[in-house]
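Letter by letter, the sequence shown follows residues 387 to 480 of our numbering.
For reference, the structure is listed below as structure tokens.
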Amino acid sequence: FGAHDKWVGAEWIVRELLGRDLAAEIERWVYIGDSTNDQKMFERFPHSVGVANIARFVPQLAHLPRYVTPSARGAGFAELAQALLEARIHRSQR
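Structure, rendered in structure tokens:
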């Protein structure tokens, strides 16, 4: 709504709460969204994910997520979380 910008907000919160530079380490982050107001984040994050219900907004999006989960809403978020945890476990077992 209005002039709010999720990217600016994300940079601010990461800097303020974590003392880190989001833009400088963007390759280490994943963004997940489900609506038209997420497209700026889809554009910025090389690891961007949309949950399945993003499909209804595709005609309105100039920037799409790079991956879409099979499931919608919370179930889609849970799928992403599970995949990230499995990848982390697999990497630590090497």
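We put the CB at the ideal spot given by N, CA and C, even for glycine.
Nearest-angstrom Cα separation, counted from residue j out to residue i
| i | j | result |
| --- | --- | --- |
| Glu402 | Ala438 | 32 Å |
| Gly436 | Pro451 | 6 Å |
| Ile475 | Phe428 | 26 Å |
| Asp424 | Ala467 | 18 Å |
| Leu404 | Ala464 | 24 Å |
| Ser478 | Ala469 | 14 Å |
| Pro445 | Leu408 | 29 Å |
Residue range of the beta strand (DSSP E) that includes residue i
| i | result |
| --- | --- |
| Gly419 | 417–419 |
| Ser434 | 434–436 |
beta-carbon residue i near the ligand HEM non-hydrogen atom, thresh 6 Å
| i | result |
| --- | --- |
| Asp391 | Summarising the ligand content, the structure contains no ligands, and the ligand HEM is consequently not present. |
Residue i burial status per 10 Å Cβ neighbour count (16 or more: buried)
| i | result |
| --- | --- |
| Thr455 | buried |
| Asp391 | exposed |
| Gly462 | buried |
| Ile440 | buried |
Minimum C-alpha distance to residue i - residue among the options
| i | options | result |
| --- | --- | --- |
| Gly460 | Phe443, Pro445, Leu470, Ile418 | Ile418 |
| Tyr453 | Val394, Ala410, Val416, Leu471 | Val416 |
| Ser421 | Ala473, Leu447, Val394 | Leu447 |
| Glu411 | Pro432, Val394, Lys426 | Pro432 |
Segment limits, alpha helix (DSSP H) that includes residue i
| i | result |
| --- | --- |
| Gln425 | 425–430 |
| Ser457 | Run containing Ser457: none; DSSP gives neither H nor E here. |
Sub-7 Å separation of residue i and residue j beta-carbons
| i | j | result |
| --- | --- | --- |
| Arg430 | Trp393 | yes |
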